[in-house]
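In the working numbering, the protein residues as written are -10 to 260. Just so it is clear, CB atoms sit at the ideal spot from N, CA and C, and this is done for glycine as well. Below: the structure, in structure tokens.
This is the structure we're talking about:
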């Protein structure tokens, strides 16, 4: 049951219930329990006046199967919305494109996924964006790295591959004091073990390839946001660049989410 349809006063279901049911409603036409794979390019519009009345026009902009996954991830992370991408790196790319322009500066954890480092130093640096790779486990080091043109802080914790940790609450407080968006790559812990938005972060990034899928069947990414302005900025980039998730990948990831807690507990137990 989605939180929007929960009767007043009814407690919110637990995580293990929501990993199965959040974002998913029976198909209105057939009653199918599983969200169908809407493998379509375009959608019939009732009229010019009622264009987008059902919310969909072209699957690069939005797709019902992908939207179901976005709603599930929003619920699990406790965000306001989610934008899915074709890969985890596409999600990082979308985040950077939404918040960084030529002349801007970003702070990134010094231990970070190699693809994020490569995107920063080999691509965005070519277009006048500056990056400082900082020991974000040291909040004072983050404070000293902030400049007048710092527009984004991206932390990854536990970091890939060393599992280096960052105090997300401390960095979030610092970022908020300076009016700088703080995004967290939460791929390694997932919202089952860590929910950065509850610790004050503004956005959460995932490679859904890893634990949400859980079966080595897909590549995908997502950005969960805390307000509508962030959602609009990132969704615009997703649509404009075409870095979209396919309906098939979204459907497979929806199935993987159902066993997220079981798999995470087992992996933690035998670590």
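With DSSP collapsed to three states, give me the class of residue i.
i           : result
residue 36  : coil
residue -8  : Residue confidence for residue -8 is low, a pLDDT of 45 falling below 50, so the modelled location carries little weight; the figure read from the coordinates is stated next. If DSSP states are grouped into helix, strand and coil, residue -8 belongs with the helices.
residue 122 : strand
residue 139 : strand
residue 201 : coil
residue 63  : helix
residue 9   : helix
residue 78  : helix
residue 254 : helix
residue 181 : helix
residue 187 : helix
residue 146 : coil
residue 129 : helix
Return the first residue and the last residue of the beta strand (DSSP E) that residue i is part of.
i           : result
residue 211 : 210 to 214
residue 239 : Here residue 239 belongs to no beta strand (DSSP E); instead the alpha helix (DSSP H) covers 236 to 246.
residue 194 : 192 to 196
residue 95  : 94 to 98
Please report how far the alpha carbon of residue i lies from the alpha carbon of residue j, in whole angstroms.
i           : j           : result
residue 61  : residue 11  : 5 angstroms
residue 200 : residue 37  : 42 angstroms
residue 57  : residue 45  : 13 angstroms
residue 219 : residue 193 : 11 angstroms
residue 26  : residue 33  : 17 angstroms
residue 266 : residue 18  : Examination of residue 266 is not possible in this model, given that the chain is present from -10 through 260 alone.
residue 130 : residue 30  : 48 angstroms
residue 123 : residue 14  : 43 angstroms
residue 63  : residue 80  : 15 angstroms
residue 160 : residue 107 : 24 angstroms
residue 196 : residue 105 : 11 angstroms
Enumerate in chain order the residues of its own chain whose CB-to-CB distance from residue i is below 6 angstroms, with the five nearest sequence positions on each side excluded.
i           : result
residue 93  : 118, 138 and 140
residue 202 : 242 and 245
residue 248 : none
residue -9  : At residue -9 the pLDDT is 47, less than 50, meaning the model places this residue with poor confidence; the figure from the coordinates comes in the next sentence. Answer for residue -9: no residue qualifies.
residue 72  : 212, 223, 224 and 227
For residue i, report the span of its alpha helix (DSSP H) as first-last.
i           : result
residue 160 : 157 to 167
residue 220 : 217 to 230
residue 172 : Residue 172 -> not in any alpha helix (DSSP H); beta strand (DSSP E) instead, spanning 171 to 174.
residue 106 : 103 to 107
Where does residue i land, buried or exposed, given buried means 16+ other C-beta within 10 angstroms?
i           : result
residue 237 : exposed
residue 226 : buried
residue 8   : buried
residue 114 : exposed
residue 102 : buried
residue -2  : exposed
residue 205 : exposed
residue 5   : exposed
Apart from the five residues just before and just after residue i, which ones in its own chain have a Cβ nearer than 7 angstroms to its Cβ?
i           : result
residue 49  : 228, 231 and 233
residue 109 : 97 and 120
Suppose the cutoff is 8 angstroms on Cβ atoms and the five residues either side in sequence are ignored; what does the same chain contact list for residue i look like?
i          : result
residue 40 : 34 and 46
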